[in-house]
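Here the structure is laid out as structure tokens; the discussion comes afterwards.
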């Protein structure tokens, strides 16, 4: 049985993340206990809302250091939505917010103008197909191994990751004619901008694969 | 450019899925849980749960139903009805809701919109508006599931709501609700042309093809479907096909 620790720092719909992992056969536990999190076989950093709030809440309990320790220990770590954005070094939301720095790069606004000059609604809310990132990193051996390019997942966000190294940019989607980062990955650390726990069967396949890593 | 969302709407009274006409004369349809599962399997992009007597009793009774849905329905869930405070919202989010839809309490206390948006993010705060036409190009916002007048102009109200932090508008035409006469396109257009956030058109869908005008002319970003799905006049898949035939981008969904 895989023990998945879902980090609770007071934000977000954690129940759905827990239920989705349970549906995939994991023993998933929502926890803010550092010892428990550090002992888990897999760790999930969820999150919704504003990044400054999220970083403050995470740091208040010292869980920012716990997440870094998890990453250093080589334990598979998945950030979801805002949890993914926190994996990068800094975010442009509300000036500049320093984040966990586990993947080089920063978090930037989703482009609000299409290549043809028309305006694009922000936030991006909806289902969009995944495609291979710009560096053509194959999905084999990653959380996307069981996903076909074009299969759609659920996004709700106004900011997105911009990885400094294109090889960390595993997948994106196209919103308003612009590429929008969907998955970043560096070694044992992976981040999904979309919500796999809210993306039907495609999302469940991603979570199942994560548990085999 | 953007994918239009197809949303199943479940109006709930006590343990039952119900449906009325003009939000009144509620008829029992069946089990909300079974219908939710069916729409999920059909490829609904989201579900909206509305407790339609909650404002009357001052509380939302959807906690158990939402918690049940979160077990086996893995798409976004919006829950509304009787949410009076950020703590009420938090309780529903803890039960598995991803967003809350607020109408009556927001009309009484617009600051609640900001409070919920600040605490949980704008993406979580859906302003639910029940609109009734009072003259050409004019609609009044109703509260308490279409029972009470507010005296507030719908177009002014949605502008204010978005300025206060609403991340999405659930726009229900009380005039069209349950009538199968098609969406109130003029209403949808009046609202979506003044707000920058997504607008969910609700009320009146009679046939899958009705989606075309709501999107192309009205400018809606999503449609909510109740009667058309509950009475099995169409499946979510039928609506998806009609959307594609009308040149509307929707999620690719495999019935595998």
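Chains as they are written, first to last, in the numbering used here: chain W, -1 to 211; chain H, 12 to 267.
Cβ atoms here follow ideal geometry from the backbone N, Cα and C, with glycine treated the same way.
(request) Check the Cβ-Cβ distances between residue 2(W) and every residue of chain H, and say whether any is below 9 Å. (result) no
(message) Tell me which residue opens and which closes the beta strand (DSSP E) that residue 76(W) is part of.
(response) First-last of the beta strand (DSSP E) with residue 76(W): 75 to 78.
(request) To the nearest angstrom, report how far apart residue 13(H) and residue 37(W) are at their CA atoms. (result) 42 Å
(request) Assign residue 174(H) to buried or exposed, taking buried as 16 or more other Cβ atoms, counted over all protein chains shown, within 10 Å of its Cβ. (result) exposed
(request) Tell me whether the beta-carbon of residue 206(H) lies closer than 9 Å to the beta-carbon of residue 170(H). (result) yes
(request) Taking C-beta pairs closer than 9 Å, name the residues in chain W that residue 9(H) reaches, listed in chain order. (result) Here chain H covers residues 12 to 267 and nothing more, so residue 9(H) does not appear.
(request) Following the continuous beta strand (DSSP E) through residue 22(H), name the residue where it begins and the one where it ends. (result) 16 to 24
(request) Inspect the CB distances between the region 225 to 235 of chain H and the region 193 to 212 of chain H and report whether three or more fall short of 8 Å. (result) Under the 8 Å Cβ criterion, the region 225 to 235 of chain H counts as touching the region 193 to 212 of chain H, having at least three qualifying pairs.
(message) Is it the case that the region 213 to 229 of chain H contacts the region 188 to 195 of chain H, given that we only count it when at least three CB pairs across the two stretches are under 8 Å?
(response) yes
(message) Distance check for residue 108(H) and residue 60(H), CA to CA, integer angstroms please.
(response) 9 Å
(message) Tell me the rounded alpha-carbon separation between residue 209(H) and residue 125(W).
(response) 14 Å
(request) Could you confirm whether any beta carbon from chain W is found closer than 9 Å to the beta carbon of residue 267(H)? (result) Note that residue 267(H) has pLDDT 44, beneath the 50 cutoff, so the model's placement of it is unreliable and the number below is only indicative. For residue 267(H), the answer is yes, since a Cβ of chain W falls inside 9 Å of its Cβ.
(message) Report the CB separation of residue 139(H) from residue 181(H) in whole angstroms; it is logged as a contact under 8 Å.
(response) 4 Å
(message) Is it the case that the region 104 to 111 of chain W contacts the region 141 to 160 of chain W, given that we only count it when at least three CB pairs across the two stretches are under 8 Å?
(response) yes
(request) Report the neighbours of residue 139(H) on chain W: residues whose CB is nearer than 8 Å to its CB, in chain order. (result) Under the 8 Å cutoff, chain W gives no residues; its nearest Cβ is about 16 Å from residue 139(H).
(request) Could you check which residue in 50(W), 137(W), 92(W) and 139(W) has the C-alpha nearest to that of residue 98(W)? (result) 50(W)
(message) Taking 8 Å as the cut-off, does the region 169 to 177 of chain W touch the region 20 to 38 of chain H (at least 3 CB pairs, one atom from each stretch)?
(response) no
(request) Pull up the distance between the alpha-carbon of residue 193(W) and that of residue 25(H), whole angstroms please. (result) 30 Å
(request) Would you be able to state if there are at least three C-beta pairs under 8 Å between the region 137 to 150 of chain W and the region 189 to 209 of chain W? (result) yes
(message) If contacts are defined as beta-carbon pairs under 8 Å, then residue 166(W) and residue 101(W) qualify, I think. What distance do you get, rounded to the angstrom?
(response) 6 Å
(message) With a threshold of 8 Å on Cβ separation, who are the neighbours of residue 103(W) within its own chain once the five nearest residues in sequence on each side are excluded?
(response) 86, 87, 159, 160, 161, 162, 163, 166 and 182
(request) Using three-state DSSP, classify residue 210(W) as helix, strand or coil. (result) In this structure, residue 210(W) counts as helix in the three-state DSSP scheme.
(request) Kindly list, in the order they appear in chain W, the residues whose Cβ is closer than 8 Å to that of residue 263(H). (result) Counting only Cβ-Cβ distances below 8 Å, residue 263(H) has contacts in chain W at 127, 148, 149 and 150, in chain order.
(request) Could you name the residues of chain W that residue 209(H) contacts, counting a contact when the two beta carbons are closer than 7 Å? (result) 119 and 123
(message) Please state the DSSP three-state secondary structure of residue 266(H).
(response) Annotation note: pLDDT 47 at residue 266(H) (below 50); position unreliable, no value reported.
(request) Tell whether a beta-carbon distance below 9 Å holds between residue 118(W) and residue 174(W). (result) For the pair residue 118(W) and residue 174(W), the CB atoms are nearer than the 9 Å cut-off.
(request) Could you pull out every residue in the same chain whose Cβ sits closer than 8 Å to the Cβ of residue 128(H), ignoring the five residues on either side in sequence? (result) 135, 136, 175, 176, 177 and 178
(message) Considering Cα atoms alone, identify which of 74(W), 11(W), 25(W) and 30(W) is closest to residue 56(W).
(response) 30(W)
(request) Consult DSSP for residue 135(H) and reduce its assignment to one of helix, strand or coil. (result) helix
(message) In whole angstroms, give me the CA-to-CA distance for residue 226(W) and residue 0(W).
(response) Since the first and last residues shown for chain W are -1 and 211, residue 226(W) lies out of range.
(message) Alpha carbons only, please: which of 96(W), 4(W) and 188(W) is nearest the one belonging to residue 17(W)?
(response) 4(W)
(request) Measure how close the beta-carbons of residue 47(H) and residue 73(H) come, nearest whole angstrom, since I'm counting them as under 8 Å. (result) With 8 Å as the limit, residue 47(H) and residue 73(H) do not qualify as a contact, their Cβ atoms being about 11 Å apart.
(message) Counting only Cβ pairs nearer than 7 Å, list the residues of chain W close to residue 14(H).
(response) 124, 125 and 126
(request) Would you please verify whether the beta carbon of residue 104(W) is less than 9 Å from any beta carbon of chain H? (result) So, not an interface residue.
(request) Quick one: measure Cβ to Cβ for residue 154(H) and residue 125(H), integer angstroms, because I've assumed they're closer than 8 Å. (result) With 8 Å as the limit, residue 154(H) and residue 125(H) do not qualify as a contact, their Cβ atoms being about 19 Å apart.
(message) For a test of the three-state rule: what should DSSP assign to residue 239(H), helix, strand or coil?
(response) Residue 239(H) falls in the helix class under three-state DSSP.
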